[in-house]
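Colleague: Numbering (our numbering), first residue to last: -4 to 535.
This structure is in structure tokens; I'll ask about it shortly.
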């Protein structure tokens, strides 16, 4: 669906200064202006104006490098509110704020001035070779291009990398339309599904335990009943728990749990026979059973699953074979999970300006962290064939164009409504502009469980359905009632139709992290996310 607003994409001005960081303990070193860019010793930063933006290429022959910083003296009004993105998923933490110089703004930033109504924004186009973040202060803006390799400086050798391409937009329309315009400028080749992405997922009532093929087929039957004959077939996704290793296992991915999931092709066929499209979960970048320790990543190991070194070609070959095996079994959607954590040993909210613990190196130190993860995403895309790819704990700015859909927020919950409010509503509001411009966004499942209040879940269900984003429901069969089924059927039909015509837009997002007022189509709706006591803690 094309955007129906006018984008003002402006030529990006050359930065006023540049700096390089060569080791984690060192301070930024000033670079000297040279024709076409900047230089600092053996490090060369080349800037090239192209139709799609200002391209930044970096070479650093014989000299290790951690970060390149580009600085613009473009102060924003004191009244401006600033918004950034997140390294991977959001964690209920996206919001418009006044200037905060130390705030890390991954990938892009927008500044909205309520006094003038003007919004400006800068970002980098998707799939850069660097982890890119911005900082906005009283004097201007800095782009930080992190080219580290694992937790050490990259050693590029003779390579020149296309680190990023910078774009800039300026709008006098709404802040939301400005964000959408910037997202469109950052990605012109999204990989989109062949229709609405709607289905069942068993995670939020099973949590990876105590289910088998019979329960999987019940889930498929449930979502088909809720689709109620709609011509678009829904998916039914088998989440973690089908393979040996517990609720979040690593590989190998050669079989299901012996004695329980012995026939994986038969399971996929059974889901299809119920009228749903089969989907499956995988954690591709870690092992539960290690055959060769040399395949493992060095560095911190905060989980019992052992992380693969994704810079090693043989590991990518094995991951490609695993993905091909799943599609060969007949699964039509692959949900790949945990790879950002398995590479960095940190969740997105722990990364900040330092992506990982310093001091560890991958096998190939000539590759940046962004290049390493791009290699993984490209491998999965190459071997998935016609299957839909849903990324979870995946760096969306790197994966855009390589996944059909992206889990943009941390987990909702079948155990505590407060987590769904905090994570699900926030990511839907603040990353909605990425929908169908980067990929289909997935704000995560709507649970139907005894531990969570349906009066709240049904409102989240309604909003997600109207949004046209991915809608997955996690329905405990024991909690179905005629009233709940009626709510689910109505929402699933809206979602299978593609959502509310005209889409949705958060209206009070400048002042709230979980907006309650929304434009849906041509009307406005208010949702009630809070309990009578307000907000309680969640323990999930």
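Even for Gly, the Cβ is constructed at its ideal location relative to N, Cα and C.
1) Compute the distance between the beta-carbons of residue 237 and residue 277, then report whether it is under 7 Å.
2) Restricting to Cα atoms, I'd like to know which of 365, 394 and 163 is closest to residue 377.
3) Need the endpoints of the beta strand (DSSP E) that residue 196 sits in, please.
4) Might you give, ordered along the chain, the residues of its own chain that have their beta carbon closer than 8 Å to the beta carbon of residue 134, omitting 5 neighbours on each side?
5) Using only alpha-carbon positions, find the residue among 446, 497, 272 and 384 that is nearest to residue 473.
6) Cα separation between residue 101 and residue 344?
7) Can you tell me whether DSSP reads residue 239 as helix, strand or coil?
8) How many Å lie between residue 434 and residue 228 at the Cα?
9) Give the straight-line distance between the Cα atoms of residue 492 and residue 163, rounded to the nearest whole angstrom.
10) To the nearest angstrom, how far is it from the Cα of residue 58 to the Cα of residue 516?
11) Exposed or buried, residue 292, counting other C-beta atoms within 10 Å across all chains shown (16 or more means buried)?
12) Would you grab the beta carbon distance between residue 398 and residue 82 for me? Rounded to a whole angstrom, and I think it's under 8 Å.
13) I'd like to confirm the pairing. Which residues does DSSP put opposite residue 35 in its beta bridges?
14) Measuring CA to CA, which of 53, 45, 44 and 209 is closest to residue 37?
15) Inspect the CB distances between the region 39 to 56 and the region 5 to 14 and report whether three or more fall short of 8 Å.
16) Is the region 96 to 111 touching the region 301 to 321 in the sense that three or more CB pairs, one from each, lie closer than 8 Å?
17) How would you label residue -4, buried or exposed, when you count the other beta carbons within 10 angstroms and need 16 or more for buried?
18) Measure the Cβ-Cβ separation of residue 222 and residue 235 and say whether it is below 7 Å.
19) What did DSSP end up calling residue 88 once you bin it into helix, strand or coil?
20) What's the C-alpha gap between residue 224 and residue 489?
21) What separation, rounded to the nearest whole angstrom, lies between the Cα atoms of residue 283 and residue 335?
22) Just how far apart, CA to CA, sit residue 88 and residue 426?
23) Check whether the Cβ atoms of residue 499 and residue 461 lie closer than 7 Å to each other.
24) Can you tell which of 132, 372, 13 and 341 has the C-alpha that lies nearest to the C-alpha of residue 330?
25) Among 340, 366, 367 and 179, which one has its Cα closest to the Cα of residue 354?
26) Just to confirm, is the Cβ distance from residue 192 to residue 465 under 7 Å?
27) So, residue 310 versus residue 290, is the Cβ gap smaller than 7 Å?
28) Are there 16 or more other CB atoms within 10 angstroms of the CB of residue 595, so buried, or fewer, so exposed?
29) Could you check what DSSP says for residue 199 in three-state terms: helix, strand or coil?
30) If you draw a straight line from the alpha carbon of residue 521 to that of residue 478, how long is it in whole angstroms?
Modeller: So, from the listed chains and residues:
1) Taking C-beta atoms as the reference points, residue 237 and residue 277 fail to come closer than 7 Å.
2) 394
3) Where residue 196 is concerned, the enclosing beta strand (DSSP E) starts and stops at 193 to 196.
4) 68 and 70
5) 446
6) 11 Å
7) Coil.
8) 20 Å
9) 34 Å
10) 55 Å
11) buried
12) Not confirmed; about 16 Å, so no contact.
13) 38
14) 53
15) yes
16) The region 301 to 321, when compared against the region 96 to 111, does not touch it at the 8 Å Cβ threshold.
17) Low per-residue confidence applies at residue -4: pLDDT is 45, beneath 50, and the placement is therefore not dependable, though the value from the model is reported in the following sentence. The residue in question, residue -4, is exposed, as its Cβ has fewer than 16 Cβ neighbours within 10 Å.
18) no
19) coil
20) 13 Å
21) Roughly 17 Å separates the two Cα atoms.
22) 12 Å
23) In this structure, residue 499 lies near residue 461, with their beta-carbon atoms less than 7 Å apart.
24) 372
25) The option with the nearest alpha carbon to residue 354 is 340.
26) yes
27) At a Cβ-Cβ threshold of 7 Å, residue 310 and residue 290 count as neighbours.
28) The structure shown does not extend to residue 595, since the chain spans only -4 to 535, so no value can be given for it.
29) helix
30) 21 Å
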